[in-house]
Amino acid sequence: MLCIDKNNLREVGNEAKKSYPVECCGLLIGTNTSEKKVVEVRPIRNTNTERSHDRYEIDGSAFVKADKEAARKGLQIIGIYHSHPDHPPVPSAFDTEHAWCGYSYLIAAVENGETLEIRSWVFDEEKKQFQEEEINLC
């Protein structure tokens, strides 16, 4: 289960709307002890310039910088969010091929510039597929 407050969830939806028709992306920063809890949403520029309408890429240096800043606050990167312009909030084959085990993947479906639905997924390493993760507003 992923615990996220409505303001952070709204920020993901707003980022998805703002970046439409290209994919937005960012990091979910928080704690992962008894439950995964998002404390902060960190937008990151999508560096995929060739297929930004259906692919995202997070710059490695931006990831490392966010990770270090989170650690200084006693937090960690617990997931990644991105949008699917004009597609459902379900992991694509590309998402599956590039997934990291243990992270939550929030996907925001955006159609005609409006966020319709946000769902969360966790990659199952053994099955090599995503399992849907419940989102709990906290």
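Quick note, the sequence shown lines up with residues 0 to 137 if you use numbering that gives the first Met the number 0.
C-beta atoms are modelled at their ideal positions from N, C-alpha and C, and glycine is treated no differently.
Legend entry - Alpha-carbon spacing of Y19 relative to Q128, whole angstroms: On the sequence shown, residue 19 is found 20 positions in, with the first residue counted as 1. On the sequence shown, residue 128 is found 129 positions in, with the first residue counted as 1. Q128 has its alpha-carbon roughly 27 Å from the corresponding atom of Y19.
Inset, instruction - Taking 7 Å as the cut-off, decide whether the C-beta atoms of V121 and P84 are in contact. - result: Numbered from 1 along the sequence shown, position 122 holds the residue referred to as residue 121. Numbered from 1 along the sequence shown, position 85 holds the residue referred to as residue 84. Contact: no.
Inset, instruction - Report yes if the C-beta distance between I57 and C24 is below 7 Å; otherwise report no. - result: In the sequence shown, residue 57 corresponds to position 58, counting from 1. In the sequence shown, residue 24 corresponds to position 25, counting from 1. Between I57 and C24, the CB-CB gap stays under 7 Å.
Legend entry - Own chain, CB closer than 7 Å to G112, minus 5 neighbours either side, in chain order: Looking up residue 112 in the sequence shown gives position 113. Shown here for G112: same chain residues with a beta carbon closer than 7 Å to its own, the five before and five after excluded, namely K16, Y19 in chain order.
Inset, instruction - Please go through the region 45-111 and give each complete beta strand (DSSP E) segment of 3 or more residues, from N-terminal end onward. - result: As far as the region 45-111 is concerned, its whole beta strand (DSSP E) runs of at least 3 residues are 75-84, 103-110.
Legend entry - Top-ranked residue by Cα proximity to I79, from H86, A70, D66: For the purposes of this step, residue 79 is taken as the residue at position 80 of the sequence shown. I79 has its Cα closest to that of D66, out of H86, A70, D66.
Legend entry - Proximity of G12 and A107 at Cβ, strictly below 7 Å: As a working mapping, residue 12 is identified with position 13 in the sequence shown. As a working mapping, residue 107 is identified with position 108 in the sequence shown. Yes, the Cβ-Cβ distance between G12 and A107 is below 7 Å.
Legend entry - N- and C-terminal bounds of the alpha helix (DSSP H) containing S119: Translated into the one-based positions of the sequence shown, residue 119 becomes position 120. First-last for S119: 113-123, but that is the beta strand (DSSP E), not the alpha helix (DSSP H).
Inset, instruction - Output the boundary residues of the beta strand (DSSP E) element that contains E131. - result: Residue 131 sits at position 132 when you count from the first residue of the sequence shown. First-last of the beta strand (DSSP E) with E131: 128-132.
Legend entry - S119 beta carbon less than 7 Å from that of L1: Position 2 of the sequence shown holds residue 1. Position 120 of the sequence shown holds residue 119. Between L1 and S119, the C-beta spacing is below 7 Å.
Legend entry - Exposure of T48, with buried meaning 16 or more beta-carbon neighbours within 10 Å: Your numbering for residue 48 matches position 49 in the sequence shown. Exposed is the call here.
Legend entry - Neighbour-count burial assignment, H52, 16 or more Cβ in a 10 Å radius: Position 53 of the sequence shown, counting from 1, holds the residue named residue 52. Exposed, since its Cβ has fewer than 16 Cβ neighbours within 10 Å.
Legend entry - Pairwise C-alpha distance: E22 and A69: For this step, residue 69 is matched to residue 70 along the sequence shown. For this step, residue 22 is matched to residue 23 along the sequence shown. Distance between the alpha carbons of A69 and E22 is about 24 Å.
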